[in-house]
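Undergrad: My questions all concern the structure below.
Residue numbers (the UniProt record's numbering), protein chains in the order written: chain V, 1 to 233; chain D, 1 to 414.
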């Protein structure tokens, strides 16, 4: 599904150049649930941004579902993002004046899905995350866990190839975190490929594979026994 | 533009951001409103000044003799010029085609005026029947001097409304009462009204009576004429100037006055005076335009500011939309679409409201120098367009920048 070869990325900080990613080689198969771990400054967010086509790499190859991602125009990147990727953010990033259902329907708007169908699909995905009764509520009327579940429903509504989650539990207490992870595990069970960036050990162990980043290189890449979040809920 | 989905998205946004939309709309609408009202009152002042000029017939020309100041053809300066009946008659025949109404005037001096035992101190003037039209005097009771009075030396008098109030307060009407002028009884046959009290303090008697009864001979104190109306103002001014110069030339020749001795025969034309006022109102109009343009600029700045703040406020939303797959141009388009829509609706709202106000209230305004304020629809309409275009341009720059911002940056936690 995802293939990365010798990926380099550096940022210019005034006169100094900060080499963040120093040759990453990395492959994700269909249906995997991968945790990307590392301390702050290890380059994990940069990697996720490049994977999410929100930032470009300096050199190296990146192939997503057989499509080479290179030198994309803004418009093309937007198209690919819409078609291939679903984002889940630490701070949820819901549009605050839109109801839960409208937030979920938004990626479909950019896929030019007709309004009626958008609404139906949005309700369908809200039901899957267990928030159908909250469909007409604004984000400000929802709890943190509920917001993240709306965000997950939104990420899935476009039926992307890969879900990218950047610290999805970073703003949540541990009980809510496990609820969200439970949901992510269930989505993964249905065959969706998911990448989770986290610095929490317990969250990482709820995935099927852990990739450790340190100083811009992968220091460890191991399959783990998945801990089901269900038992903590 | 005709993308129904886009419209729905915009209406959603507007419905859910009522305050923001309202404030944007209010600033645009009030800008337009103030501008239209200002322009309207500029026009109103112009109308009002034109109206003030209707006091005396606006085409009137007045001739006053004076004293020569230059030596000419062997005659010394300092001669007092005396107009006579023949001058008036000759002027009438010479400029017959150009004159609408005319009247010579005689000031009867050194006479005592009495009503019963009361001595009156009002001026007595001998005038012709047409003088009524020259002064624009309104006859409130009775009649003015007529031709019959002139040929029969009628002992009749027309008094001003103020005299009626001051002197004839005790009788029901002054008509039919007699006043004595140097012991000769004159019958009051009419009362006239003027715009100003001062002009109502005169007693008019037929000019022939004034000359024959009070030893006036054929002497005339001044002459007044009105010119026939023409369709436009510039022509009227040209006509007045021509007439004035012709008349002066004739009078200077018959009285042997140097052509450049303007003090000896003064000819004054209301039309030229009016032209100066027209110039003044043009300046006023210019001033209101200036104020109006400043208002538009303030409006443009205001709208631009609001657009920038709106876009700034929506940076995060733009980032989210981009992450969800919105193309840059679709974001710019959406923001501008909304901006144009709100500006246009509120702009035309302000336009309609202000024009309706001018239409309804305008005709009822009765203040000196302001009459029926109104505004040219095309001007107001273009102003709205200018504001919309300016608002759009002002919104475009930040929207373009916002669409180009890296998603990661716009989504960064503050």
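Beta carbons are placed, not taken as given, at the ideal position from N, Cα and C, and that holds for glycine.
(1) Using a Cβ-Cβ cutoff of 9 Å, what residues of the UniProt domain "ABC3 transporter permease C-terminal" (290–405) of chain D are near chain V? List them in chain order.
(2) Between V/74, V/87, V/176, V/38, which has its C-alpha nearest residue 51 of chain V's C-alpha?
(3) Note down, in chain order, each residue of its chain lying with its Cβ closer than 7 Å to the Cβ of residue 103 of chain D, except the 5 sequence neighbours on either side.
(4) Just to confirm the assignment: which complete alpha helix (DSSP H) runs, minimum length 4, are found wholly within the segment 372–413 of chain D?
(5) So, does the CB of residue 8 of chain D fall closer than 8 Å to a CB anywhere in chain V?
(6) Would you say residue 411 of chain D faces chain V, with C-beta separation under 8 Å as the test?
(7) Throw me the rounded Cβ distance for the residue 147 of chain V and residue 84 of chain V pair, which I believe falls under 8 Å.
(8) Write down every uninterrupted run of the beta strand (DSSP E) in the segment 163–194 of chain D whose length is 3 residues or greater and which is fully enclosed by it, in chain order.
(9) Counting only C-beta atoms, is residue 79 of chain V closer than 8 Å to chain D at any point?
(10) Using three-state DSSP, classify residue 279 of chain D as helix, strand or coil.
(11) Using only the alpha-carbon positions, how far apart do residue 9 of chain D and residue 18 of chain D sit?
(12) Where are the alpha helix (DSSP H) runs, 4 residues long or more, that stay fully inside the segment 96–172 of chain D, in chain order?
(13) Pairs of beta-carbons, one from the segment 302–317 of chain D and one from the segment 135–143 of chain V, closer than 8 Å: are there three or more?
(14) For residue 239 of chain V, which three-state DSSP category applies?
(15) How about residue 89 of chain V: is its C-beta nearer than 8 Å to some C-beta of chain D?
(16) My output table needs one value for residue 171 of chain V: the three-state DSSP class, helix, strand or coil.
(17) Taking Cβ-Cβ distances below 8 Å as the criterion, which residues of the segment 64–76 of chain V are in contact with chain D?
(18) Please confirm whether residue 21 of chain D and residue 342 of chain D have their CB atoms less than 8 Å apart.
(19) Should residue 249 of chain D be labelled buried (16 or more other beta-carbon atoms within 10 Å of its own) or exposed?
(20) Which first and last residues belong to the beta strand (DSSP E) in which residue 87 of chain V is found?
(21) Grouping DSSP H, G and I as helix and E and B as strand, with all else coil, what is residue 102 of chain V?
(22) Considering only residues of the same chain and omitting the five flanking positions on each side of residue 43 of chain V, which have a CB-CB separation below 7 Å?
(23) If we ignore side chains and look at the alpha-carbon of each, how far apart do residue 162 of chain V and residue 399 of chain D end up?
(24) Using the rule of at least 16 other Cβ atoms within 10 Å of the residue's Cβ for burial, across every protein chain shown, is residue 414 of chain D buried or exposed?
(25) For residue 193 of chain V, which residues does DSSP report across the bridge?
(26) Label residue 119 of chain D either buried or exposed according to how many other C-beta atoms from any shown protein chain fall within 10 Å of its C-beta, with 16 as the threshold for buried.
(27) Residue 51 of chain V CB to nearest chain A CB: under 8 Å?
(28) Using a Cβ-Cβ cut-off of less than 7 Å, list which residues of the segment 112–137 of chain V approach chain D; keep chain order.
(29) If you reduce the DSSP assignment to three classes, tell me which class residue 25 of chain V lands in.
(30) Anything in chain D within Cβ reach of residue 95 of chain V, meaning under 9 Å, just list it in chain order.
(31) Taking residue 259 of chain D as the reference, which of D/226, D/72, D/317 has the closest Cα?
(32) Between residue 107 of chain V and chain D, is the shortest Cβ-Cβ distance under 8 Å, so that the two count as touching?
(33) Please confirm if residue 173 of chain V has its CB atom under 8 Å from at least one CB of chain D.
(34) Using 8 Å as the limit for Cβ to Cβ distance, is residue 54 of chain V near chain D?
(35) Could you tell me which uninterrupted beta strand (DSSP E) segments, each at least 3 residues in length, are contained entirely in the segment 12–79 of chain D, listed from first to last along the chain?
TA: Based on what the coordinates show:
(1) Here the close residues are 316, 317, 319, 320, 321, 322, 323, 324, 325, 326, 327, 328, 329, 330, 403, 404.
(2) If you compare the alpha carbons of V/74, V/87, V/176, V/38 with that of residue 51 of chain V, the shortest gap goes to V/87.
(3) Within the same chain, and ignoring the five residues on either side of residue 103 of chain D in sequence, the residues whose Cβ sits closer than 7 Å to its Cβ are 127, 128, 130, 131, 134, 224.
(4) The segment 372–413 of chain D contains these whole alpha helix (DSSP H) runs: 377–404, 407–411.
(5) For residue 8 of chain D, the nearest CB of chain V lies under 8 Å from its own CB, placing it at the interface with that chain.
(6) At least one C-beta of chain V is nearer than 8 Å to the C-beta of residue 411 of chain D.
(7) So it is not a contact: roughly 24 Å between Cβ atoms.
(8) With a minimum length of 3 residues, the continuous beta strand (DSSP E) runs that stay inside the segment 163–194 of chain D are 178–181, 184–193.
(9) So, interface residue.
(10) Helix.
(11) One C-alpha to the other measures close to 14 Å.
(12) Runs of the alpha helix (DSSP H) inside the segment 96–172 of chain D: 131–135, 147–151, 161–167.
(13) Using a C-beta cut-off of 8 Å, the segment 302–317 of chain D makes no contact with the segment 135–143 of chain V, since fewer than three inter-stretch Cβ pairs fall below that distance.
(14) As displayed, chain V neither begins before 1 nor continues past 233, which places residue 239 of chain V out of reach and without an answer.
(15) Cβ-Cβ to chain D under 8 Å: yes for residue 89 of chain V.
(16) Residue state, collapsed to three classes: coil.
(17) Listed in sequence order: 74, 75.
(18) Yes, they are a contact pair.
(19) The residue is exposed, with fewer than 16 neighbouring Cβ atoms inside 10 Å.
(20) Counting along the chain, the beta strand (DSSP E) containing residue 87 of chain V begins and ends at 85–88.
(21) Three-state DSSP puts residue 102 of chain V in a helix.
(22) Once the five neighbours on either side are set aside, the close Cβ partners of residue 43 of chain V are 20, 21, 213, 216.
(23) Using only the alpha carbons, I get a separation of about 30 Å.
(24) Model confidence at residue 414 of chain D stands at a pLDDT of 46, short of 50, so the residue's coordinates are unreliable; what they give is reported in the following sentence. So residue 414 of chain D ends up on the exposed side.
(25) Bridge partners of residue 193 of chain V: V/162.
(26) Classification for residue 119 of chain D: exposed.
(27) Included in the structure are the protein chains V and D, with no chain A among them.
(28) Answer in chain order: 115.
(29) Strand, per DSSP.
(30) Residues of chain D whose Cβ lies closer than 9 Å to the Cβ of residue 95 of chain V are, in chain order, 316, 317, 320, 321.
(31) For the residues D/226, D/72, D/317, the minimum Cα distance to residue 259 of chain D belongs to D/72.
(32) Output row for residue 107 of chain V: interface = yes.
(33) No, residue 173 of chain V does not count as interfacial toward chain D.
(34) It does: the Cβ of residue 54 of chain V has a partner Cβ on chain D nearer than 8 Å.
(35) Within the segment 12–79 of chain D, the complete beta strand (DSSP E) runs of at least 3 residues are 60–65.
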